[in-house]
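J.: Can you read through this structure? Questions will come right after.
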Amino acid sequence: MRWFGALISLEKESSVMKQGKMVLLSAYTVFFLLCSVTSYAELKGETASREHRMIYSTPFSKHDPATPAAEQWDQALPTGNGRIGALVFGNISNETIILNHDSLFFRTKKPVLPDVSEHLPKIRKLMNEGQYEQAGRYFKDQGKIDYSYHGSDSFHPAFNLTLDMPTQTDAKEIYRAVDFETGEVIVSWKSDDVTYNRKLFVSRKDNLVVMSFKASRPQSVNCSIGLLPTALKRDELGDGNDVRVPRFPTGRVAKIRLDEVPVTFNLKAKDNYLTIRADYDKGGKYNLIGGPYGGCARIVVSGGQTRTSKLQIFPEKADEVLILARLFANEDADVAMERELKALQGIN
40 MRWFGALISL
50 EKESSVMKQG
60 KMVLLSAYTV
70 FFLLCSVTSY
80 AELKGETASR
90 EHRMIYSTPF
100 SKHDPATPAA
110 EQWDQALPTG
120 NGRIGALVFG
130 NISNETIILN
140 HDSLFFRTKK
150 PVLPDVSEHL
160 PKIRKLMNEG
170 QYEQAGRYFK
180 DQGKIDYSYH
190 GSDSFHPAFN
200 LTLDMPTQTD
210 AKEIYRAVDF
220 ETGEVIVSWK
230 SDDVTYNRKL
240 FVSRKDNLVV
250 MSFKASRPQS
260 VNCSIGLLPT
270 ALKRDELGDG
280 NDVRVPRFPT
290 GRVAKIRLDE
300 VPVTFNLKAK
310 DNYLTIRADY
320 DKGGKYNLIG
330 GPYGGCARIV
340 VSGGQTRTSK
350 LQIFPEKADE
360 VLILARLFAN
370 EDADVAMERE
380 LKALQGIN
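Residue numbers (the working numbering): 40 to 387.
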């Protein structure tokens, strides 16, 4: 199986990389994964021209690869292509990867903007007289101007990709890094004389999340793979039908309380494919008007076999597992899901 290496090669040959530009995602908006990452070159026996990596497990770890994996999103390893982004927590036995789409935010119905043109001469007069503070307060002092909406619509994550495997208490030589030349997030370790290696990147060309998981010893990859609403734990899915998520991570973004935004998810696994669809409650306290969002993943196993439950796929005794995922946001879910599944099926 050489898809992962071939896709990486295509990315490195893109015009962006030829010009020496590395467009990744920033660590803050990386929650929403839209901005560029500030890179740090970790030179490990090589010159800066050959290797540009950020090696870490959690922030402030002083690049000690033996420190724990991320416990929350802002400690994770970021990557993305400007439209689709990923945050890799770097857990060995229970990996969590937050995925996101640049068009995914709480769309709300906006109030009609009032006509305030009649007040413009007065404001100009105050400013020309140097009364800037009074000019700034002028609109607030006009009681008949009824407009209280402030801020922009709030971003939120799409869903998680999870990868679980038997607990490895003897894991050593743990390595977590972001490679800024390829956009890869790398997590590797050694257990029972077997070296395990996971790599993830987001293709610009195909708008595709690509994750490879392989081991140095044949038939050593055993895991379970699923999709999960970001607000839920692994054991809270039930049968995957009409899963209510009355809470996002508790907190406030702009004027919206994330734990007050109800979302309904539907998930399933079939053959080697996983799907997830989310629908906002329309209207309500925040006048939400956003369309459905979701995504799908294809699991390709080399040198082993798979079995499928209602919500997860289980590669067994594999040499390598390849995960290919696509996302959509704010569009007809049936049309989008059919399109994205077809795109995954067309990858050979």
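C-beta atoms are modelled at their ideal positions from N, C-alpha and C, and glycine is treated no differently. All figures in this text were calculated on a predicted structure; none of them were measured in a lab.
1. Kindly give me the distance between the Cβ atoms of LEU202 and LEU138, rounded to whole angstroms, as I take these residues to be in contact under 8 Å.
2. Looking at C-beta atoms only, is the number of pairs between the region 113-130 and the region 239-257 that lie closer than 8 Å three or more?
3. Compute the Euclidean distance between the alpha carbons of LEU247 and LEU363, then round it to the nearest angstrom.
4. Can you find the residues in the same chain that come closer than 6 Å, C-beta to C-beta, to SER230, ignoring five residues on each side of it along the sequence?
5. For the region 295-314 against the region 262-270, are there 3 or more C-beta pairs whose distance is under 8 Å?
6. Give every residue of the same chain whose Cβ lies closer than 7 Å to the Cβ of LEU366, excluding the five residues on either side of it in the sequence, and list them in chain order.
7. When you compare only the Cα positions, how much space is there between TYR235 and ALA357?
8. Helix, strand or coil for SER230? Go by DSSP, reduced to three states.
9. Tell me the rounded alpha-carbon separation between LEU165 and LEU152.
10. Could you give the C-beta distance for PRO331 and ASP318, rounded to a whole number, given that I count them as a contact under 8 Å?
11. What are the boundary residues of the alpha helix (DSSP H) that LEU383 is part of?
12. With DSSP collapsed to three states, give me the class of GLU110.
13. Beta-carbon separation of ALA372 and ARG283 under 8 Å?
14. Which term fits ARG163, buried or exposed, when burial requires 16 or more other beta carbons within 10 angstroms of its beta carbon?
15. Compute the beta-carbon to beta-carbon distance between VAL233 and SER259, rounded to the nearest angstrom, for a pair I have assumed lies under 8 Å.
16. In the DSSP assignment, the alpha helix (DSSP H) including MET250 goes from what residue to what residue?
17. Roughly how many angstroms separate the alpha carbons of ALA125 and ILE352, rounded to a whole number?
18. What distance in whole Å lies between the Cβ atoms of ASP192 and PHE145, which are believed to be in contact at a cut-off of 8 Å?
19. Under the DSSP definition of a beta bridge, which residues are partnered with VAL151?
20. Which of the three DSSP states, helix, strand or coil, is assigned to LEU202?
21. What's the C-alpha gap between TYR325 and VAL224?
22. What separation, rounded to the nearest whole angstrom, lies between the Cα atoms of ALA375 and LEU383?
23. Between SER255 and ARG237, is the Cβ-Cβ spacing less than 8 Å?
24. Please report the straight-line C-alpha distance between ASP274 and ALA216, rounded to a whole angstrom.
25. Could you round the C-beta distance between SER348 and ALA308 to whole angstroms and report it? I think they count as a contact, below 8 Å.
26. Starting from SER263, follow its DSSP beta bridges and name the residues at the other end.
27. Can you find the residues in the same chain that come closer than 6 Å, C-beta to C-beta, to GLU370, ignoring five residues on each side of it along the sequence?
28. Below 8 Å on the Cβ atoms is my guess for LEU239 versus ILE136; work out the distance and round it to an integer in Å.
T.: Inspection of the coordinates gives the following:
1. LEU202 to LEU138, Cβ: 13 Å. No contact.
2. yes
3. 7 Å
4. GLN207, ASP209 and ALA210
5. yes
6. ILE123, LEU138, HIS140, ALA197 and GLY334
7. 12 Å
8. strand
9. 23 Å
10. 5 Å
11. 372-384
12. coil
13. no
14. exposed
15. 5 Å
16. Element bounds for MET250: not the alpha helix (DSSP H) but the beta strand (DSSP E), 247-254.
17. 21 Å
18. 5 Å
19. Looking at the DSSP assignment, VAL151 forms no beta bridge with any residue, so it has no partner.
20. strand
21. 37 Å
22. 12 Å
23. no
24. 29 Å
25. 6 Å
26. ASP203
27. GLY330
28. 7 Å
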